[in-house]
Each structure stands twice: as structure tokens, then as C-alpha cells.
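Structure first, commentary second.
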Amino acid sequence: MADASLHTGGSIPHRVHWKRMKAELGTYPLLVDFYFRTHQKKDKSWVGHHAQSAYVSIILRQLLFNQVLGKLCFRCARLVLSLVVCWLLFLL
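Quick look at the structure:
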């Protein structure tokens with residue numbers, strides 16, 4: 004996995020990107036959206052094959068969990084989903 008640690012943020016720390024996204028959205032960004040922003044180039048190509056396959060895997064898992072979380076209120080579902088995505092990113 005030669006491209007496993009590639010990101011598009013340059014020398015800007017992730018916490019700064021996170022704060023910028025939060026300011027843009029007015030709320031905490033979903034981790035899947037943060038992953039998308041930090042692993043895609045300006046031309047919308049991925050930094051590497053691993054980043055793209057990890058994102059697809061996350062989206063597929065998100066769709067599966069959405070079936071379960073659909074019965075929860077939107078805020079609760081969003082929080083739980085963010086925690087699950089964080090856990091999945093840790094495992095990848």
C-alpha cells in the first residue's frame with residue numbers, strides 16, 4: 004500500500020482543515036466528508052487507488068448502517084454514523 008498515507012492538505016494540519024470545514028458548514032463535518040476532502044485532488048482524482056477503494060468501502064458501509072439508523076432521529080443517526088466511520092477508518 005504505497006499510497007496509503009497520501010493526503011491533499013500539504014503542510015496544513017488536519018485539525019486546521021477540520022476547523023475550516025466546520026466554519027464552512029456551520030456544524031461538525033461528517034468524517035466521511037472530511038476523508039473525501041483530504042484524499043481528493045483539485046481535479047477530483049484520488050490521491051491513490053487505496054484512498055478511492057477505502058472511500059467506496061466507507062460509503063457502502065454507510066448505506067448499510069443507514070438502513071439501521073433510519074429509525075433514529077437525524078442528529079442521533081449522524082452522530083452514531085460519524086463514530087462508526089471513525090472506527091472504520093481506524094481499521095483500514
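Each residue of the sequence shown is one higher than the last, beginning at 4 in my numbering. For glycine and all other residues, C-beta sits at the position ideal for the given N, C-alpha and C. Model, not experiment: these values are computed from the prediction.
The shortest CA-to-CA distance from K47 to any of A80, T11, K25, Y31 is the one to T11.
Around the CB of I61, 16 or more other CB atoms lie within 10 Å, so the residue is classed as buried.
Around the Cβ of Y38, a 10 Å sphere holds 16 or more other Cβ atoms; the residue is buried.
DSSP assignment within the region 14-83 yields the following whole alpha helix (DSSP H) runs of 4 residues or more, N-terminal first: 17-28, 34-42, 52-72. Taking each of K45, L34, K22 in turn and checking the Cα distance to L91, the smallest one comes out for L34. Counting every other CB atom within 10 Å of its CB across the protein chains shown gives H42 a total of 16 or more, marking it as buried. With fewer than 16 other Cβ atoms inside 10 Å of its own Cβ, V19 counts as exposed.
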